[in-house]
Amino acid sequence: MCDVSAEIDGEVRRLDAANLLDGRRPLVPRLYTGPYDSERVPEFASGRETVSGRRLRLREGVVIRTAVERHSPVTGGRAMAKAVSPAYLTRKSGTEYE
């Protein structure tokens, strides 16, 4: 999902890109919407990619966003996280050291 925001009445708000674009542009698939479940995060972060629809590559991971926009003192911006697939981190020729 792409980040789309607008300042409305002096407040920056995140907008739903799927509704804004109305199918005119491809978006990253939303794999899950609902309450945070730490036991299900690895399930969504692992496996084959879903962007192409052909499952050609390993999924890098997933971005976890809050349902209601909020500020994070840790990131200094929006509260969000990324869960990276263990298979992606340990793949042959990988260069990430994070």
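Just so you know, we're using my numbering here: the sequence shown kicks off at 29 and counts up by one.
Using N, Cα and C, we set each Cβ at its ideal position, and we do this for glycine too.
Determine the direct distance from the alpha carbon of residue 88 to that of residue 70, and round the result to whole angstroms. 11 Å
Taking C-beta to C-beta, are residue 59 and residue 45 nearer than 9 Å? no
Comparing the C-beta of residue 98 with each C-beta of chain C, is any distance below 9 Å? This model lacks chain C altogether, as it is built from one protein chain only.
Start-to-end residues for the beta strand (DSSP E) that takes in residue 109: 108-112
Inter-stretch contact (C-beta, 8 Å, three-pair minimum) for the region 107-118 and the region 84-98: yes
Going straight from the alpha carbon of residue 47 to that of residue 38, what length do you get? 22 Å
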